[in-house]
Amino acid sequence: MVFAGVVDRLIPLQTWLFPSQVLLELDDHFVTLLALHHQGPIPTVKWLERVPLPAGTCEQGIPVRTEALADFIGDLLVERGFAAARVAAVLPALASEWHLVQWPGPGWPEDPRRLLIERGREAGFRLPIQSADLRVIRLEPDAGATAPSSLVIAVRKALLQGWIDTFATAGLSFEGLEAGQVCVMRALEPLLGETPDGQVVAVLELLKDRGHLLLVQRGIPVYERRLAGSLAGIGLLAEELRRSVDYWRQQERGITSVQLVLHGSQAALAEAVVEPLRQLLPAWELVVADPLALGWLAGPAEPQNAEEGAIPAGVELLRLLGLALVEAYR
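Here you go:
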């Protein structure tokens, strides 16, 4: 049919005029791809897949074999039909760190970087501030506060440039990088924005061999640490959680309740993880942060068969959802 031929020619034209967008979550061992439709009230999954990276291409969040990594990502997007897509990415978890910083004096500092360099290790950052790219987010002061504070996010400049070079080598239409911690906070806004006074939210990313805990109070990240507990010792994990929250309670006397928010690859294991934690921490409100189950993200209209990788569970999508929320309004 003539009409069919016209449609076939319109498809690449539409791709050129209205290119799709692909969101990537980067890791030492995997890359996760998410493409969305933004036509309804909530984003809808168009394509979702996690694919293993070639061995040795990324170590501790740093691209170490740039050309090989660029070729792999570029070829992957071509094979999946996203050659002309706009690309944005979440940095690996190890690539960035953040801290809540209180500034001296009543006013905001003119040069936050200089003050952090002068503080040295007392500023709390593991990476050297001199060689870091900083984002300083001003926070509204609490009633009675005598000094301003900011949330400071730091990424090594060399690491940032390494990823920029990787995407440039891949020949992609690259739009930007975002810190994973910021994406998680943005994705959890429906929960964090409704916490009552006196409640601390314990956000636990639970992986096979470890956990990462972030305490959030009044919408601000206030404390984080890695937890050594694993699924083999769920009781030890619960005890570490309890000790961490008790430590913060000593710093902040007004805490009256705790909400535990679970996400990560192991948070989908109801019998092995969710129910045992609910029983071990009965006074805590427990929420499984699955964007698909909570209605923050709609699944694909038709079942998807990943070609070479795996399809991540909903509890593994917070970072990509957080990236999608900012990209949707650019």
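Quick note on numbering: the sequence shown equals residues 991 to 1320 in the numbering used here. All C-beta atoms, glycine included, are put in the ideal place defined by N, C-alpha and C.
DSSP places Ala-1060 in the uninterrupted alpha helix (DSSP H) bounded by 1056-1069. Between Leu-1267 and Glu-1015, the CB-CB gap reaches or exceeds 8 Å. The DSSP assignment places 1170-1177 and 1179-1182 as complete runs of the alpha helix (DSSP H) inside the stretch 1150-1234, in order along the chain (cut-off: 4 residues).
Annotation for Ala-1058: Pro-1044 and Thr-1047 place their beta carbon closer than 7 Å to its own, counting only its chain and skipping 5 residues before and after.
Listed in chain order, the non-local C-beta contacts of Leu-1117 below 7 Å within the same chain comprise Glu-1087, Ala-1144 and Arg-1146, local neighbours out to five positions each way being set aside. The stretch 1015-1025 makes contact with the stretch 1034-1042; the number of CB pairs closer than 8 Å reaches 3 or more. Across the set Arg-1239, Ala-1137 and Pro-1131, the C-alpha of Ala-1137 shows the shortest separation from the C-alpha of Pro-1096. Residue state for Leu-1313 is assigned as helix, using DSSP reduced to three classes. Here Leu-1205 has Val-1190, Val-1191, Ala-1192, Val-1193, Pro-1211, Val-1212, Tyr-1213, Glu-1214, Ser-1234, Val-1235 and Trp-1238 as same chain residues with Cβ atoms under 8 Å from its own Cβ, once five neighbours each way along the sequence are excluded.
Pairing Gln-1249 with Ala-1279, the inter-Cα distance amounts to about 12 Å. For Leu-1141 against Leu-1150, the beta-carbon gap comes to about 18 Å, at or over 8 Å, which does not count as contact. In the three-state scheme derived from DSSP, where H, G and I count as helix and E and B as strand, Glu-1292 is classed as coil. Here the stretch 1160-1176 makes contact with the stretch 1063-1083; the two share three or more CB pairs at distances below 8 Å. According to the DSSP assignment, Leu-1090 belongs to the beta strand (DSSP E) that extends over 1086-1092. Apart from the 5 residues on each side of it in sequence, Ala-1228 sits with its Cβ closer than 7 Å to the Cβ of Leu-1267, Leu-1270 and Leu-1271 in its chain, given in chain order. Contact check between the stretch 1246-1262 and the stretch 1181-1189: three or more CB pairs, one atom from each, fall below 8 Å, which counts as touching. Looking at Pro-1281, Ser-1139 and Gln-1241, the one whose alpha-carbon comes closest to that of Ile-1032 is Pro-1281. In the three-state reduction of the DSSP assignment, Ile-1032 falls in the coil class, being assigned neither a helical nor a strand state.
Annotated three-state conformation of Glu-1306 is helix, per DSSP.
C-alpha of Gln-1207 to C-alpha of Glu-1242: approximately 10 Å in a straight line. Counting only residues of its own chain and dropping the five nearest sequence neighbours on each side, Leu-1197 has a CB closer than 8 Å to the CB of Gly-1254, Ser-1255 and Gln-1256.
Arg-1200 sits away from Leu-1315, with the two beta carbons spaced by 8 Å or more. In this structure Leu-1084 is in contact with Gly-1051, their Cβ atoms being roughly 4 Å apart against a cut-off of 8 Å. Straight-line spacing of the CA atoms in Pro-1290 and Glu-1306 works out to 16 Å. The alpha-carbon of Asp-1061 is positioned some 43 Å away from that of Glu-1265. The C-alpha of Glu-1100 lies about 17 Å from the C-alpha of Gln-1120.
DSSP, reduced to helix, strand and coil, places Ala-1122 within a strand of the structure shown. Just so you know, the alpha carbons of Leu-1287 and Gly-1030 end up roughly 10 Å apart. With respect to Leu-1203, Leu-1217 sits close: the two C-beta atoms are nearer than 8 Å.
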